[in-house]
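Engineer:
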């Protein structure tokens, strides 16, 4: 059997699955955001131990563990480099700590790559050899499948589409640069720009709700955000020529007529005409399970 662990900023989720990836059980716990790596590793270990008991109760044993971490990872060394949201994870040898604790093979990758693998193996990307996965929530992350394999890049940074610069005069990003796609087209960006335009505090969901009711200001915010996103996706299309772009995260649940439909139209303005007819842009199927099922897929790799 296999265990997948999604180390999220808010929750940690574990799944027990069969060797072919069929989910058997799921556990979810609140993350200790102030506890750093010490508290995090303890919680991960508790989830793994509980799922091992589930496996034993079914007459099986766990042979592999996959972990998707919410931050940059050194894939070769199995080290969590840092968490942008939760302090105290800097240079944590997470793979070795878990392998030593459980004497089981562990694979560690970032959550964007894990989500990409999850959608490719179990979700919207099944049967597709070339795809771009874009997770849009508080930030924007991504992953690439090319010629039927996950692309990691020289430093495991392939797919970081959120840090393509689309507006040189744009807002300051968490990475320290101005005008990144993440700062111009994420859920947080929609809330920030909506608040500025409407003159009161709103979040992304409220901007969509107002646009659905015919609010012109909210609609203009969405139009601008979609244009920025289309520009960033156009770069990805030009470099990778995917047959499918999967939109994951919170924005995958936005009303299609307000988000995906205009996005599909806008993307054609930023890519070669020959690439557009055979390109599909679809919402993720696994939704918030992409991370944990991606960790299962990572273990299967």
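Residue numbers (the working numbering): 9 to 309. Here a beta-carbon is modelled for each residue, glycine too, at the ideal position from N, C-alpha and C.
Please confirm if the stretch 287-296 is in contact with the stretch 177-197, defined as three or more CB-CB distances below 8 angstroms between the two stretches.
Structural biologist: No, they do not touch.
Engineer: Exposed or buried, residue 269, counting other C-beta atoms within 10 Å across all chains shown (16 or more means buried)?
Structural biologist: The count along the chain shown starts at 1 and reaches residue 269 at position 261. Exposed, because fewer than 16 other Cβ atoms sit within 10 Å of the Cβ of residue 269.
Engineer: In its own chain, which residues sit with a C-beta less than 6 angstroms from the C-beta of residue 212, not counting the 5 before and 5 after it?
Structural biologist: Position 204 of the chain shown holds residue 212. For residue 212, where only same-chain residues beyond five positions count, the Cβ hits under 6 angstroms are 195, 198 and 199.
Engineer: Suppose the cutoff is 8 angstroms on Cβ atoms and the five residues either side in sequence are ignored; what does the same chain contact list for residue 249 look like?
Structural biologist: Indexing the chain shown from 1 puts residue 249 at position 241. Excluding five sequence positions before and after residue 249, the CB atoms of its chain that fall closer than 8 angstroms to its own CB belong to 138 and 283, given in chain order.
Engineer: Is it buried or exposed, residue 247, if we count other Cβ atoms within 10 angstroms and call 16 or more buried?
Structural biologist: Within the chain shown, residue 247 is the residue found at index 239, counting from 1. By the beta-carbon neighbour count (other beta carbons within 10 angstroms, threshold 16), residue 247 is exposed.
Engineer: With DSSP run on the structure shown, which of helix, strand or coil describes residue 296?
Structural biologist: Locating residue 296 in the chain shown gives position 288, counting from the first residue. It is helical.
Engineer: For residue 29, which residues of its own chain have a beta-carbon under 7 angstroms away from its beta-carbon, when the five flanking residues on both sides are left out?
Structural biologist: Locating residue 29 in the chain shown gives position 21, where the first residue counts as 1. Cβ neighbours of residue 29 beyond the five flanking positions: 129, 130, 304, 305 and 308.
Engineer: On the three-state DSSP scale, how would you describe residue 27?
Structural biologist: Here the question's residue 27 lines up with position 19 in the chain shown. DSSP places residue 27 in coil when its eight states are reduced to three.
Engineer: Taking 6 angstroms as the limit between beta carbons, can you name the residues of its chain near residue 237, skipping five residues before and five after?
Structural biologist: Here the question's residue 237 lines up with position 229 in the chain shown. Cβ neighbours of residue 237 within its own chain (closer than 6 angstroms, five residues either side excluded): 193.
Engineer: Under a three-way DSSP split, which group does residue 261 fall into?
Structural biologist: Within the chain shown, residue 261 is the residue found at index 253, counting from 1. Correct three-state label for residue 261: helix.
Engineer: From the DSSP output, in three-state form, read off residue 186 for me.
Structural biologist: Position 178 of the chain shown, counted from the first residue, corresponds to residue 186. Correct three-state label for residue 186: strand.
Engineer: Considering only C-alpha positions, which residue in the set 71, 80, 143 and 162 is nearest to residue 170?
Structural biologist: Locating residue 170 in the chain shown gives position 162, where the first residue counts as 1. Per the Cα distances, 143.
Engineer: Could you tell me the distance, in whole angstroms, from the CA atom of residue 255 to the CA atom of residue 77?
Structural biologist: By one-based count along the chain shown, residue 255 stands at place 247. By one-based count along the chain shown, residue 77 stands at place 69. When only Cα atoms are considered, residue 255 and residue 77 end up about 20 angstroms apart.
Engineer: Does DSSP classify residue 49 as helix, strand or coil?
Structural biologist: Here residue 49 refers to the residue found at position 41 when the chain shown is read from its first residue. Of the three classes helix, strand and coil, the one that applies to residue 49 here is helix, per DSSP.
Engineer: Buried or exposed for residue 257, going by 16 or more other Cβ atoms inside 10 Å?
Structural biologist: Position 249 of the chain shown, counted from the start, is the residue given in the question as residue 257. Buried, because 16 or more other Cβ atoms sit within 10 Å of the Cβ of residue 257.
Engineer: Could you check where the alpha helix (DSSP H) with residue 217 kicks off and where it finishes?
Structural biologist: Position 209 of the chain shown, counting from 1, holds the residue named residue 217. Looking at the DSSP string, the run of the alpha helix (DSSP H) that includes residue 217 is 212-220.
Engineer: Could you have a look at residue 290 and say whether DSSP puts it in helix, strand or coil?
Structural biologist: One-based indexing of the chain shown puts residue 290 at position 282. Looking at residue 290 - three-state DSSP - the assignment turns out to be strand.
Engineer: Residue 57 and residue 9 - do their beta-carbons sit closer together than 8 angstroms?
Structural biologist: Indexing the chain shown from 1 puts residue 9 at position 1. Indexing the chain shown from 1 puts residue 57 at position 49. No; because the gap between Cβ atoms is not below 8 angstroms, this pair is not in contact.
Engineer: Between which two residues does the beta strand (DSSP E) carrying residue 119 extend?
Structural biologist: As a first step, residue 119 must be located in the chain shown, where it is residue number 111. Segment 119-130 is the alpha helix (DSSP H) holding residue 119; no beta strand (DSSP E) there.
Engineer: Between residue 22 and residue 69, what straight-line distance do the alpha-carbon atoms span, to the nearest angstrom?
Structural biologist: Position 14 of the chain shown, counting from 1, holds the residue named residue 22. Position 61 of the chain shown, counting from 1, holds the residue named residue 69. Just so you know, the alpha carbons of residue 22 and residue 69 end up roughly 16 angstroms apart.
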